[in-house]
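Notes follow once the structure below has been shown.
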Amino acid sequence: MRSQTIAAEPAPHPITTTFPGRDLVSIRDLSPLELESLFHLASLIKTRPEEFRAALAGKHIAMFFEKPSLRTRITFEAAICGLGGSVSFIDQRHERLDARETLNDIAHNLERWVGGIVLRTFAHETVEGMAEHACVPVINALSEVEHPCQALADYFTLQEKFGDLRKITLAYVGDGNNVMHSLLLTAALLGSKIRLGTPKGYGANPQILADAREIAKQTGAVIELMSDPRKAVRGVDAVYTDAWTSMGHEHETDERARIFPPYQVNNELIAVAAPHAVFMHCLPAHRNEEVTDAVIDSVRSIVFDQAENRMHVQKAILTMLIGGKTRQPLRSAHA
Ligand code: CP
Ligand code: NVA
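Numbering (my numbering), first residue to last: 722 to 1056.
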């Protein structure tokens, strides 16, 4: 019998999955198992980036941004290049993506050239429409309704800090916006506990809240809504805030500046949280509006860990949705 040399392959992680060809428009596109798998892959990629240098080899990604960006743009570009892919960034700030031709036509052009599409848009429907028409994966890099890549990086960061996410409580205080929606859905999928402290009229989108509650029934997540920021923050492990006025709402800035000051995260408010509580913000911060310098520059602040993890988590997202060859064996969730 001829002897054979069989290369020793590392055993696949039991929960490592791929979901090639799928979109990430909303956190609702993921199952709890896929989310767990994504975090596992992100941590492998973060610790052993050299093993994933060819994950996007031969793949070109198109990014269209209707709004400004520092973190999302650079972390996607760095992630794509770090995985061996190439990228075109299209600054779409001068007009909406579908102003010149229909989304359908744009999608059927792009799918002939690129392996994936990353969109930052005003209307959430633009991301949904592109995902519906294009037969390559579409990733939401922030819309009016959600910022899924942000929330995934945020909970990945919390997992690094605290371990078991089912044992922690995050309080989000301020405007019930895109970032809050994605945090809410992520907490629901993870079986974690989240408190939302928002002023009347600035709470969660009712459909997203209903969906999060439905998911929570299966995962055991706890969702609490309140308008008193001190009640929201009392005893929590993490305090999160974001801009009072998101991009696209600039005309409401003065009105919001009258409503939101009680929700400012300052030393007095964060003192009500657990002594070990961390401070989180997706950035950009409007210093001394939603958060004081004293808090964002304090030892509690993990805002730059969140920013760093945007890149590692997006590498995991790109690998799972679009990636090909990696030295880490990946197996399909649906195999
Ligand atoms: N947090 C975030 O998405 O930042 P940018 O707007 O700079 O991309
Ligand atoms: N809620 C903010 C997030 C910025 C990253 C916005 O949409 O402007």
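Cβ atoms here follow ideal geometry from the backbone N, Cα and C, with glycine treated the same way.
Taking the alpha-carbon of residue i as reference, which of the options has the nearest alpha-carbon?
{"i": "residue 833", "options": "742, 819, 868 and 857", "result": "857"}
{"i": "residue 869", "options": "966, 999, 740 and 749", "result": "749"}
{"i": "residue 809", "options": "789, 816 and 837", "result": "837"}
{"i": "residue 880", "options": "830, 860, 901 and 907", "result": "907"}
{"i": "residue 1000", "options": "876, 979, 827 and 960", "result": "960"}
{"i": "residue 847", "options": "825, 829, 831 and 835", "result": "825"}
{"i": "residue 995", "options": "889, 1039 and 905", "result": "889"}
{"i": "residue 965", "options": "1030, 958 and 899", "result": "899"}
{"i": "residue 931", "options": "952, 951 and 909", "result": "909"}
{"i": "residue 747", "options": "831, 774 and 839", "result": "839"}
{"i": "residue 891", "options": "897, 876 and 884", "result": "876"}
{"i": "residue 1032", "options": "829, 765, 983 and 798", "result": "798"}
{"i": "residue 860", "options": "854, 866 and 841", "result": "841"}
{"i": "residue 823", "options": "794, 855 and 1008", "result": "855"}
Could you pull the DSSP bridge partners for residue i from this structure?
{"i": "residue 768", "result": "Looking at the DSSP assignment, residue 768 forms no beta bridge with any residue, so it has no partner."}
{"i": "residue 812", "result": "786"}
{"i": "residue 688", "result": "No statement about residue 688 is possible, as the shown extent of the chain runs from 722 to 1056 and does not include it."}
{"i": "residue 945", "result": "916"}
{"i": "residue 781", "result": "807"}
{"i": "residue 1008", "result": "1012"}
Could you compute how far the alpha carbon of residue i sits from the alpha carbon of residue j?
{"i": "residue 955", "j": "residue 968", "result": "30 Å"}
{"i": "residue 792", "j": "residue 921", "result": "30 Å"}
{"i": "residue 733", "j": "residue 1025", "result": "Caution applies to residue 733, whose pLDDT of 44 falls short of 50 and renders its modelled position unreliable; the model cannot decide the point."}
{"i": "residue 727", "j": "residue 772", "result": "Caution applies to residue 727, whose pLDDT of 37 falls short of 50 and renders its modelled position unreliable; the value that the coordinates give is listed next. Their Cα atoms are separated by approximately 20 Å."}
{"i": "residue 981", "j": "residue 990", "result": "14 Å"}
{"i": "residue 768", "j": "residue 803", "result": "13 Å"}
{"i": "residue 783", "j": "residue 762", "result": "23 Å"}
{"i": "residue 1053", "j": "residue 1042", "result": "Because residue 1053 carries a pLDDT of 37, less than 50, the predicted location of this residue cannot be relied on, and the following value inherits that uncertainty. Approximately 11 Å between the Cα atoms of the pair."}
{"i": "residue 814", "j": "residue 820", "result": "12 Å"}
{"i": "residue 986", "j": "residue 894", "result": "8 Å"}
{"i": "residue 717", "j": "residue 944", "result": "Summary: the structure shown does not reach residue 717, with the chain confined to residues 722 through 1056, and so no result is reported for it."}
{"i": "residue 1040", "j": "residue 806", "result": "11 Å"}
{"i": "residue 779", "j": "residue 787", "result": "27 Å"}
{"i": "residue 992", "j": "residue 1015", "result": "12 Å"}
{"i": "residue 816", "j": "residue 905", "result": "31 Å"}
{"i": "residue 1044", "j": "residue 766", "result": "13 Å"}
{"i": "residue 975", "j": "residue 830", "result": "42 Å"}
{"i": "residue 1061", "j": "residue 933", "result": "The question about residue 1061 has no answer here: the residues shown for the chain are numbered 722 through 1056."}
{"i": "residue 835", "j": "residue 781", "result": "5 Å"}
{"i": "residue 1035", "j": "residue 887", "result": "23 Å"}
{"i": "residue 777", "j": "residue 866", "result": "28 Å"}
Please report the Cβ distance between residue i and residue j, rounded to the nearest whole angstrom; I am assuming they are in contact, meaning their Cβ atoms lie under 8 Å.
{"i": "residue 759", "j": "residue 873", "result": "7 Å"}
{"i": "residue 912", "j": "residue 947", "result": "Not confirmed; about 21 Å, so no contact."}
{"i": "residue 962", "j": "residue 1012", "result": "6 Å"}
{"i": "residue 796", "j": "residue 1027", "result": "11 Å between Cβ atoms; not a contact."}
{"i": "residue 998", "j": "residue 957", "result": "6 Å"}
{"i": "residue 744", "j": "residue 852", "result": "4 Å"}
{"i": "residue 936", "j": "residue 902", "result": "Contact flag wrong, Cβ pair sits at about 13 Å."}
{"i": "residue 953", "j": "residue 916", "result": "5 Å"}
From what residue to what residue does the alpha helix (DSSP H) around residue i run?
{"i": "residue 940", "result": "927 to 940"}
{"i": "residue 1014", "result": "1014 to 1017"}
{"i": "residue 849", "result": "845 to 854"}
{"i": "residue 989", "result": "988 to 991"}
{"i": "residue 900", "result": "899 to 911"}
{"i": "residue 831", "result": "824 to 834"}
{"i": "residue 746", "result": "Residue 746 -> no alpha helix (DSSP H), and no H or E assigned at all."}
{"i": "residue 951", "result": "950 to 954"}
The beta strand (DSSP E) spanning residue i covers which residue range?
{"i": "residue 980", "result": "Careful: residue 980 lies outside any beta strand (DSSP E), inside the alpha helix (DSSP H) at 974 to 980."}
{"i": "residue 837", "result": "837 to 841"}
{"i": "residue 876", "result": "From DSSP, residue 876 is part of no beta strand (DSSP E) but of the alpha helix (DSSP H) over 869 to 883."}
{"i": "residue 1000", "result": "999 to 1002"}
{"i": "residue 861", "result": "859 to 861"}
{"i": "residue 892", "result": "890 to 894"}
{"i": "residue 959", "result": "959 to 962"}
Would you say the beta carbon of residue i is closer than 8 Å to some non-hydrogen atom of the ligand NAP?
{"i": "residue 967", "result": "In terms of ligand content, the structure shown lacks the ligand NAP and carries the ligand CP and the ligand NVA instead."}
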